[in-house]
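Below is one structure; the comments refer to it alone.
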Amino acid sequence: MLIQLAPYFVQLGHLKTIKAYYLRYGLEITYSMLKTVTLKPGEISQYLDYFEELAETAVPARARQYFESGEYKQLDQQEITNLLDGYPFDEGAPLEIDIAKLSMLLDYSNDGYYDEGVFFLPLATLSDQNAYIGIQAGDDNHTIYYFEPQDGFTEQDFTLDELFKKLK
Numbered sequence: 173m174l175i176q177l178a179p180y181f182v183q184l185g186h187l188k189t190i191k192a193y194y195l196r197y198g199l200e201i202t203y204s205m206l207k208t209v210t211l212k213p214g215e216i217s218q219y220l221d222y223f224e225e226l227a228e229t230a231v232p233a234r235a236r237q238y239f240e241s242g243e244y245k246q247l248d249q250q251e252i253t254n255l256l257d258g259y260p261f262d263e264g265a266p267l268e269i270d271i272a273k274l275s276m277l278l279d280y281s282n283d284g285y286y287d288e289g290v291f292f293l294p295l296a297t298l299s300d301q302n303a304y305i306g307i308q309a310g311d312d313n314h315t316i317y318y319f320e321p322q323d324g325f326t327e328q329d330f331t332l333d334e335l336f337k338k339l340k
């Protein structure tokens, strides 16, 4: 029963209660049990509208499909750092879908410091890091870019659709 209610308790700020219960009874708790990744339709459209306002261009069609169809759920908690050129750490980090973090990184990475006049739409963040994978506005191939604050953007040798194929 508690497993089914875990996402509700987390939203209410009772993560400590969930952890204490699991520790008391010797149960293993995983992040995926506590996190729900279903974005509300309003959150998605606000995020995409914000990108269009910032970039003064339309959201790439494939990116809009990725968010509106719910494909983003397939990337949540996936470990892809071994596929990323430019990933600087020895330990991996799973992808996560967090609209607040995506919005913050959209602002931060597109302020003109890294690539002036070029805009990137974050698709998923790397947990516990200020890094993400995204696509460039105007790129009809939808090539994936890896962003991290120290080195900026690193073009990957695969597209969004190829990434999904790699994960199967």
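Every number in this note's numbering is 172 more than the matching position in the sequence shown, counting from 1. Glycine is no exception: its CB is placed at the ideal position from the N, C-alpha and C atoms. This one's a predicted model, so the numbers in the text were calculated from it and none came from an experiment.
- Task: Just confirm the distance between the C-beta atoms of Ala-227 and Phe-291, as a whole number of angstroms; I'd bet it's less than 8 Å.
- Result: 4 Å
- Secondary structure at Phe-291, three-state DSSP: helix, strand or coil? Coil, per DSSP.
- Span of the alpha helix (DSSP H) holding Glu-240? If you look at Glu-240, you'll find it in the alpha helix (DSSP H) that goes 233-240.
- Segment contact flag, the segment 260-268 with the segment 236-252, C-beta cutoff 8 Å, min 3 pairs: yes
- Burial state of Pro-294 (16 or more Cβ within 10 Å): Counting Cβ neighbours within 10 Å, Pro-294 comes out buried, since at least 16 surround it.
- Counterpart residues of Ile-305 in DSSP-defined beta bridges: Ala-296 and Tyr-318
- Task: Within 10 angstroms of the Cβ of Gly-310, are there 16 or more other Cβ atoms? Answer buried if so, exposed if not.
- Result: Of the other Cβ atoms in all chains shown, fewer than 16 fall within 10 Å of the Cβ of Gly-310; this residue is therefore exposed.
- Message: On the criterion of 16 or more Cβ atoms from any shown chain inside 10 Å, does Gly-242 qualify as buried, or is it exposed?
- Response: exposed
- Message: Measuring only from the beta carbon, is Pro-232 closer than 7 Å to any heavy atom that is part of the ligand FAD?
- Response: In the structure shown, the ligand FAD is absent, as is every other ligand, since no ligand is present at all.
- Given that a residue counts as buried once 16 or more other Cβ atoms are within 10 Å of its Cβ, and exposed if not, what is Ala-230? Exposed.
- Message: For Gln-218 and Ala-233, I'd like the C-alpha separation in whole angstroms.
- Response: 16 Å
- Query: Among residues of its own chain, excluding the 5 on either side of Ile-252, which ones have a beta-carbon nearer than 6 Å to its beta-carbon?
  - Reply: none
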